[in-house]
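K.L.:
In the numbering used here, the protein residues as written are 16 to 297.
Below, the structure is given as structure tokens:
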């Protein structure tokens, strides 16, 4: 027994007599090496992506095609071509014998924005790789195709403001082609294209979204934000003149319409949006 205690005591003295290293000194810790806890497309040598987008905003539905390019572990640039409608947010739809009628609407508008954007992933370490938050912004030119909701008619008319001061109706009656719905049939969505015009403007978008999935080669993205378009010349979406009454008169072979000023041209279109994207990365 005494021999065992002697051996144990000898080993204890030998160990305690060794010089202490910095790792064993109390209060001193070895430096911690930083480690990235998130993955990026570059880890899988993925640098490009293409996606098909479904868009929903206050103007209706839209579709888009998108091409992305990875420029850094957390950032991408992209180009998007979108097809969507523009409208006045005050429009109201009614059904009349199975046909949709929008009172006081003058023109339908289709918009074709071609934008370049920048996308940057945020909170990469606290958030899992299969739920990747990002912010984005984009801008560029847009073309609007404007075509009539109904065909304008040539009629006799007076302006409502002139009736109060005119002594004789004949002195204020005008004849002309007026942009006011006085009972014309509404064109369906495929009519009136031959009378349409193009207008150049600018478009942009800011958003926040999330990329889903652990596999970077499959693109599934949900994005929300605000989209806008601006046309310096303005687009006549609603009627510039509104018919408020009819004056029957035997002096003319047709009645006289009473018109008042309607809605001015609209230069800015803005709306919240939600976009769902599907595609592939390679």
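Here a beta-carbon is modelled for each residue, glycine too, at the ideal position from N, C-alpha and C.
Predicted model only: the values in this text are computed from it and were never measured.
Can you round the beta-carbon distance between residue 164 and residue 121 to whole angstroms, since I take them to be within the 8 angstroms contact cut?
P.N.:
Your numbering for residue 164 matches position 149 in the chain shown. Your numbering for residue 121 matches position 106 in the chain shown. Contact flag correct, Cβ pair sits at about 6 angstroms.
K.L.:
What residue does the alpha helix (DSSP H) around residue 356 start on, and which one ends it?
P.N.:
Here the chain comprises residues numbered 16 to 297, so residue 356 is not present and cannot be evaluated.
K.L.:
How many angstroms separate the CA atom of residue 198 from the CA atom of residue 142?
P.N.:
Working through the chain shown from its first residue, we reach residue 198 at position 183. Working through the chain shown from its first residue, we reach residue 142 at position 127. Taking the straight line joining both Cα atoms gives about 59 angstroms.
K.L.:
Whole-angstrom Cβ separation of residue 130 and residue 244, contact assumed at under 8 angstroms?
P.N.:
Within the chain shown, the letter at position 115 stands for residue 130. Within the chain shown, the letter at position 229 stands for residue 244. Incorrect: roughly 11 angstroms between the Cβ atoms, too far for contact.
K.L.:
At 3 residues or longer, what runs of the beta strand (DSSP E) sit wholly inside the region 156-195?
P.N.:
Whole beta strand (DSSP E) segments, 3+ residues: 168-174, 189-193.
K.L.:
Taking residue 138 as the reference, give the member of 208, 89, 178 with the closest Cα.
P.N.:
Looking up residue 138 in the chain shown gives position 123. With distances taken between Cα atoms, residue 138 lies closest to 89.
K.L.:
Sort 273, 271, 268, 248 by Cα distance to residue 283 and report the nearest one.
P.N.:
Along the chain shown, read from residue 1 onward, the residue named residue 283 stands at position 268. For residue 283, the nearest C-alpha among the options comes from 248.
K.L.:
Confirm, please, whether the CB-CB distance from residue 149 to residue 135 is below 8 angstroms.
P.N.:
Residue numbering aside, residue 135 sits at position 120 when the chain shown is read from its first letter. Residue numbering aside, residue 149 sits at position 134 when the chain shown is read from its first letter. Cβ distance < 8 angstroms, so residue 135 and residue 149 count as in contact.
K.L.:
Near residue 269, which residues of its chain fall below 8 angstroms by C-beta distance, leaving aside the five closest residues on each side in sequence?
P.N.:
Counted from its first residue, the chain shown places residue 269 at position 254. Cβ neighbours of residue 269 beyond the five flanking positions: 170, 171.
K.L.:
If you draw a straight line from the C-alpha of residue 160 to the C-alpha of residue 152, how long is it?
P.N.:
Taking the chain shown and counting its residues from 1, one reaches residue 160 at position 145. Taking the chain shown and counting its residues from 1, one reaches residue 152 at position 137. Approximately 25 angstroms, taken between the alpha carbons.
K.L.:
Can you have a look at residue 64 and say buried or exposed, based on whether 16 or more other CB atoms are within 10 angstroms of its CB?
P.N.:
As a first step, residue 64 is located in the chain shown; it is residue number 49 there, counting from the start. It counts as buried.
K.L.:
Check this for me: beta carbons of residue 101 and residue 74, under 8 angstroms apart or not?
P.N.:
Translated into the one-based positions of the chain shown, residue 101 becomes position 86. Translated into the one-based positions of the chain shown, residue 74 becomes position 59. The answer is yes: Cβ separation under 8 angstroms.
K.L.:
Helix or strand or just coil, what does DSSP make of residue 59?
P.N.:
Numbered from 1 along the chain shown, position 44 holds the residue referred to as residue 59. DSSP places residue 59 in helix when its eight states are reduced to three.
K.L.:
Can you list, in chain order, the residues of its chain with a C-beta nearer than 6 angstroms to that of residue 192? Leave out the 5 residues immediately preceding and following it.
P.N.:
In the chain shown, counting from the first residue as 1, residue 192 sits at position 177. Closer than 6 angstroms at the Cβ level, and outside the excluded window around residue 192, lie 167, 169.
K.L.:
Would a C-beta distance cut-off of 8 angstroms place residue 93 and residue 132 closer than the cut-off?
P.N.:
Numbered from 1 along the chain shown, position 78 holds the residue referred to as residue 93. Numbered from 1 along the chain shown, position 117 holds the residue referred to as residue 132. Cβ atoms of residue 93 and residue 132: closer than 8 angstroms.
K.L.:
Buried or exposed: which applies to residue 276, given that a residue is buried once 16 or more other Cβ atoms fall within 10 Å of its Cβ?
P.N.:
Locating residue 276 in the chain shown gives position 261, where the first residue counts as 1. So residue 276 ends up on the exposed side.
K.L.:
Can you tell me which residues form a DSSP beta bridge with residue 76?
P.N.:
Stepping through the chain shown from its first residue, residue 76 is reached at position 61. DSSP output for residue 76 lists 71 as bridge partner(s).
K.L.:
Using the Cα positions of residue 251 and residue 229, report the straight-line distance between them to the nearest angstrom.
P.N.:
Mapped onto the chain shown, residue 251 falls at position 236. Mapped onto the chain shown, residue 229 falls at position 214. Those two C-alpha atoms are separated by around 47 angstroms.
K.L.:
Just verifying my parser: in three-state terms, what is the DSSP assignment at residue 277?
P.N.:
Your numbering for residue 277 matches position 262 in the chain shown. Three-state result, residue 277: coil.
K.L.:
Just reading off the beta strand (DSSP E) that residue 217 is part of, what are its end residues?
P.N.:
Translated into the one-based positions of the chain shown, residue 217 becomes position 202. Segment 212-227, the beta strand (DSSP E) holding residue 217.
K.L.:
Between 54, 285, 211, which has its C-alpha nearest residue 140's C-alpha?
P.N.:
What you label residue 140 is simply residue 125 of the chain shown in a count that begins at 1. Comparing Cα positions, the closest option is 54.
K.L.:
For residue 285, name the three-state secondary structure that DSSP assigns.
P.N.:
To locate residue 285, count along the chain shown from 1; it is residue 270. Three-state DSSP puts residue 285 in a strand.
K.L.:
Can you name the start and end residues of the beta strand (DSSP E) that residue 114 belongs to?
P.N.:
Stepping through the chain shown from its first residue, residue 114 is reached at position 99. Note, residue 114: beta strand (DSSP E), 114-116.
K.L.:
Please state whether DSSP places residue 198 in a helix, a strand or coil.
P.N.:
Against the chain shown, residue 198 aligns to sequence position 183. Residue state, collapsed to three classes: coil.
K.L.:
In the structure shown, what three-state DSSP assignment does residue 154 receive?
P.N.:
Taking the chain shown and counting its residues from 1, one reaches residue 154 at position 139. Correct three-state label for residue 154: strand.
K.L.:
When you compare each of 125, 109, 95 to residue 214 by their alpha carbons, which one comes out closest?
P.N.:
Stepping through the chain shown from its first residue, residue 214 is reached at position 199. For residue 214, the nearest C-alpha among the options comes from 125.
K.L.:
Report buried or exposed for residue 288, applying the criterion of at least 16 other Cβ atoms within 10 angstroms of its Cβ.
P.N.:
Translated into positions along the chain shown, residue 288 becomes position 273. Residue 288 comes out buried.
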